[in-house]
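The structure appears right after this line, and notes come after that.
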Ligand SMILES: *[C@@H]1O[C@H](CO)[C@@H](O)[C@H](O)[C@H]1NC(C)=O
Ligand SMILES: *[C@@H]1O[C@H](CO)[C@@H](O)[C@H](O)[C@H]1NC(C)=O
Ligand SMILES: *[C@@H]1O[C@H](CO)[C@@H](O)[C@H](O)[C@H]1NC(C)=O
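In mature numbering (1 follows the signal peptide of the UniProt record, and there is no 0), the protein residues as written are -17 to -1, 1 to 431.
If you want it as structure tokens, here you go:
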């Protein structure tokens, strides 16, 4: 009898754990905990678009897709390339001759990021791996003649970083996609014969821990078979226990369905969202892909990046910071410097970031802007501006007899006095040390 009921319980709990191909079921899946704890990731946009390196990774569309075309792209081509030069002719110039995945992974590790997301396939349709469904339009048949997705994955995982893959659902110019589009997405030639076989294959081959889906907005999730794919991913795929996905699975899905929410690119909520989210943003403010004509003034500087990261984490988000490598496989040194700067800041202040949670109060600007996080018994107050004097007033925390204040990176506890009985405190700061991100963290213990 006991054996039978154990068996029944086992069967019931097995059944209960399976997801069905509808949003009610899929949306109820808890996010694997590694993702929220990680907080910081690196996004990498790399593909044939890195070769023209002009405008952005949307170059092909701006040049030959949209009507009317972008005149800057048209004249860039007519001035620099022979008449009739076609976009696929850029592929052989995607050489990746200096690509050393170990060097990239060292830089990503040094940035303090805990995960890396590479474009496996952007809207141009070129796959950075030998997809059997992308004949002669992939990085092994042409260009680098190399499995970029596999090679980077190995180096990234070797440094105990999680590895994710960006995948565009739509492809601007794929003939089957264009047929379906013409049919008002009542047919699924592209989805059944290109997208899905490729996606299943990609997951089984590379076992990504994030699928960063994109390019979903022209058609509903029913066209993309998104819920069927996700049910397989969560129930039966080799990454069912660790995989995390975003919210771009069909028009109307963003900010509503899927795993964590990206909502829109560079989404910056004003208040604490109810659902786990991620801000993706790019060091180059004008592009995700490499631009040959990028200027220093168009890049985020380190204090801006740190402020953005801190705000995102204080509001419960993850921060996915993008860099665009060159077609020859280098991470531009200015991007490397930014990433190492983020890592230097996290080296001291990471205690307030990794595995933290949003606090009761997320922000105040009594003396200077301060963002709060908390973890265990500690509340962290991160100043993103240097206070003009050596006293800092905080009104959010409620103090007690055991309240203790320290500055991360400094072993001494700091003198403080209450502003009101049990509410607010004035902290006497030491001379603040150099901070690579111009942001300093106070650790507060024994407060409410
Ligand atoms: C990374 O590679 C080295 C050398 O091949 C190996 O000894 C080590 O176990 C690997 N580490 C991880 C986390 O895979
Ligand atoms: C796609 O979805 C339809 C139902 O809308 C289903 O019949 C079919 O099996 C699905 N195909 C795949 C490959 O998921
Ligand atoms: C913080 O307050 C100061 C003084 O009122 C103001 O000048 C500053 O713009 C505020 N900062 C932010 C980020 O709101």
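Note that beta-carbon positions come from the ideal geometry of N, C-alpha and C, so glycine has one too.
Here the structure is a predicted model, which is why all the values come from computation and not from measurement.
Under a three-way DSSP split, which group does residue i fall into?
| i | result |
| --- | --- |
| residue 60 | helix |
| residue 218 | helix |
| residue 400 | strand |
| residue 202 | coil |
| residue -9 | No answer about residue -9 holds up, because its pLDDT of 48 lies below 50 and its placement is not dependable. |
| residue 316 | helix |
| residue 430 | coil |
| residue 153 | coil |
| residue 164 | helix |
| residue 184 | helix |
| residue 343 | strand |
| residue 365 | strand |
| residue 46 | helix |
| residue 145 | strand |
| residue 410 | strand |
| residue 376 | strand |
| residue 386 | coil |
| residue 244 | strand |
| residue 423 | strand |
Per DSSP, which residues does residue i bridge with? Please list them.
| i | result |
| --- | --- |
| residue 25 | 99 and 304 |
| residue 433 | The requested residue 433 does not occur in the structure, where the chain is confined to residues -17 to 431. |
| residue 197 | 151 |
| residue 357 | 340 and 362 |
| residue 121 | 110 |
| residue 41 | None, per the DSSP bridge assignment. |
| residue 104 | 110 and 150 |
Thinking C-beta only, is residue j closer than 8 Å to residue i?
| i | j | result |
| --- | --- | --- |
| residue 146 | residue 187 | no |
| residue 199 | residue 148 | no |
| residue 248 | residue 237 | no |
| residue 28 | residue 271 | yes |
| residue 356 | residue 428 | no |
| residue 335 | residue 389 | no |
| residue 309 | residue 122 | no |
| residue 413 | residue 391 | no |
| residue 299 | residue 260 | yes |
| residue 301 | residue 21 | yes |
| residue 218 | residue 182 | no |
| residue 37 | residue 312 | no |
| residue 24 | residue 325 | no |
| residue 337 | residue 18 | no |
| residue 88 | residue 127 | no |
| residue 176 | residue 108 | no |
| residue 304 | residue 351 | no |
Using a 10 Å radius around the Cβ and a threshold of 16 neighbouring Cβ atoms, would you call residue i buried or exposed?
| i | result |
| --- | --- |
| residue 255 | exposed |
| residue 141 | exposed |
| residue 279 | exposed |
| residue 68 | exposed |
| residue 385 | exposed |
| residue 119 | exposed |
| residue 353 | buried |
| residue 167 | exposed |
| residue 1 | exposed |
| residue 367 | buried |
| residue 3 | exposed |
I'd like to know whether the C-beta of residue i is nearer than 8 Å to at least one C-beta of chain D.
| i | result |
| --- | --- |
| residue 108 | Here chain D cannot be found, since the structure has a single protein chain. |
* **Nearest-residue set for ligand 3, Cβ under 6 Å from any heavy atom** => With 6 Å as the limit between CB and the heavy atoms of ligand 3, the residues that fall short of it are 348 and 352.
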